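Read the structure below first, then the notes.
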Amino acid sequence: MTENFENMIAYQRLDIALRKMIIEFNKHPDKKRLDAERTKFNDVQANLDAGSVEAQTLAEEIEKIYTEFKATEKTLDSVIKDYEAATDEEKAKFLPQLESLKSRVDSCKNKISSRIERIKRISSDSYMNLNTKKAVKDEFDKIKKRLDEYKLKIMPDRDKIEGEMKALESKIDGDVLSLYKKAKSEGVALPVFVPATGDNENNYACGGCGMLLSQTSKSELKSKNICQCETCRRLIYRK
Ligand SMILES: [Zn+2]
Numbered sequence: 000m001t002e003n004f005e006n007m008i009a010y011q012r013l014d015i016a017l018r019k020m021i022i023e024f025n026k027h028p029d030k031k032r033l034d035a036e037r038t039k040f041n042d043v044q045a046n047l048d049a050g051s052v053e054a055q056t057l058a059e060e061i062e063k064i065y066t067e068f069k070a071t072e073k074t075l076d077s078v079i080k081d082y083e084a085a086t087d088e089e090k091a092k093f094l095p096q097l098e099s100l101k102s103r104v105d106s107c108k109n110k111i112s113s114r115i116e117r118i119k120r121i122s123s124d125s126y127m128n129l130n131t132k133k134a135v136k137d138e139f140d141k142i143k144k145r146l147d148e149y150k151l152k153i154m155p156d157r158d159k160i161e162g163e164m165k166a167l168e169s170k171i172d173g174d175v176l177s178l179y180k181k182a183k184s185e186g187v188a189l190p191v192f193v194p195a196t197g198d199n200e201n202n203y204a205c206g207g208c209g210m211l212l213s214q215t216s217k218s219e220l221k222s223k224n225i226c227q228c229e230t231c232r233r234l235i236y237r238k
């Protein structure tokens, strides 16, 4: 085997170790807890935001209704004055208007008080949400701190692996390395760099997925010692 491939295999071994480390880190219970707290925090914040938008809308509505209420009340007062000044025979003709104005005033009052009730409910919900938010934030910070300490603990190992990988990169054929990186970025699962299997060059198969190689791939493997599996897109090398 060429030295190139040996370095490529060593590089991949480190890459797998690094991947394992990342999976391990992501599986850490605190990582899940942190994600859960983050979701809770966002939910509470969304509730607070929705409450504040609704309260704002209600306040604007109250302002409009109050303007209508004052104007209607003013009209009502003047109609009452007209009614009181009218003769007994004339009084009756004011009654429908008085009724209608009174009912408009009542309706305004009801609309305002129902909106005030809603604002009160929003305020008490917000108060609870703010307390929850604070508790969630405290818990989040606590977990984050623990996780950061854990990260710091594993960082030297990670740096060491990454350093070794970097050092190997210059010793690997550029084309092979970029094919490897490309396959990985396209979602090919590790190991990406696999040996050809089979006892002779006529029945070469992919060491990753086990599929027999096509005639084209076989010739490529014979001439360049490397080809790409047409089935799983892994890089197949010849020992
Ligand atoms: Zn394959």
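For the sequence shown, numbering that gives the first Met the number 0 gives the first residue as 0, with consecutive numbering after it. Using N, Cα and C, we set each Cβ at its ideal position, and we do this for glycine too. Being a predicted model, the structure only gives us computed values, none of them experimental.
Query raised in the report: In this structure, does DSSP put V193 in helix, strand or coil?
Result: Collapsing the DSSP output to three states places V193 in a strand.
**Study point:** Any non-hydrogen atom of ligand 1 within 8 angstroms of I225 CB
**Key:** False, no ligand heavy atom lies under 8 angstroms from that Cβ.
query: When we look at the beta-carbon of R233 and count the other beta-carbons within 10 Å, is it buried (16 or more) or exposed?
result: By the neighbour-count rule (16 or more Cβ atoms within 10 Å), R233 is buried.
Which full runs of the beta strand (DSSP E) of 3+ residues lie inside the stretch 29-89, going along the chain?
DSSP assignment within the stretch 29-89 yields no whole beta strand (DSSP E) run of 3 residues or more.
Host beta strand (DSSP E) of Y179 (start-end): Counting along the chain, Y179 falls outside any beta strand (DSSP E), though it belongs to the alpha helix (DSSP H) covering 173-184.
- Using 10 angstroms around the beta-carbon of D14, count the other beta-carbons present and answer buried if the total reaches 16, otherwise exposed. Buried: at least 16 other Cβ atoms inside 10 Å.
Would you call the stretch 59-79 in contact with the stretch 94-103, where contact means no fewer than 3 C-beta pairs closer than 8 angstroms?
Pairwise C-beta distances place the stretch 59-79 in contact with the stretch 94-103, as three or more of them are shorter than 8 angstroms.
Self-check item: C-alpha distance - S218 paired with D156, whole-angstrom precision
Solution: Each residue's alpha carbon lies about 41 angstroms from the other.
S184 versus N202 - alpha carbon distance:
Taken atom to atom, the span from the alpha-carbon of S184 to that of N202 is near 29 angstroms.
Would the stretch 16-25 and the stretch 168-182 be scored as touching if the rule is three or more Cβ pairs under 8 angstroms?
With the cut-off at 8 angstroms, the stretch 16-25 and the stretch 168-182 do not touch.
Using the Cα positions of E5 and P190, report the straight-line distance between them to the nearest angstrom. Answer to the nearest angstrom: the Cα atoms are 14 angstroms apart.
* Under the criterion of a Cβ to heavy atom distance below 8 angstroms, does T215 qualify as lining ligand 1? -> Relative to the non-hydrogen atoms of ligand 1, the Cβ of T215 never comes closer than 8 angstroms to any of them.
> Any residues whose CB sits closer than 6 angstroms to a heavy atom of ligand 1? List them in chain order?
Replying inline: This criterion selects C205, G207, C208, M210, C228, T230, C231, R233.
(Q) Taking 8 angstroms as the cut-off, is the C-beta of P28 nearer than that to any heavy atom in ligand 3? (A) Of the ligands this structure carries, namely ligand 1, none is ligand 3.
Which of the three DSSP states, helix, strand or coil, is assigned to L234? Strand, per DSSP.
**Study point:** Spatial distance of K150 from R37 (CA atoms)
**Key:** Going from the Cα of K150 to the Cα of R37 covers about 18 angstroms.
Problem set entry | Expected contact under 8 angstroms - CB spacing of M210 and T230 to nearest Å | Yes, M210 and T230 are in contact; Cβ-Cβ is about 4 angstroms, under 8 angstroms.
- Let me know the secondary structure DSSP gives A188 once reduced to three states. Look at A188 here: in three-state DSSP terms it is coil, with no helix or strand label.
Touch test, the stretch 79-99 against the stretch 20-36, Cβ-Cβ under 8 angstroms, three pairs minimum: Between the stretch 79-99 and the stretch 20-36, the count of C-beta pairs closer than 8 angstroms stays below three; the two stretches do not touch.
Enumerate in chain order the residues of its own chain whose CB-to-CB distance from E67 is below 7 angstroms, with the five nearest sequence positions on each side excluded.
The residues are C107.
Quiz item: Which residues in the same chain as N3 place their Cβ atom closer than 7 angstroms to its Cβ, once the five residues preceding and following it in sequence are excluded?
Solution: When the five nearest sequence neighbours on each side are left out, the beta carbons in the same chain lying within less than 7 angstroms of the beta carbon of N3 are those of I171, D172, V175, in order along the chain.
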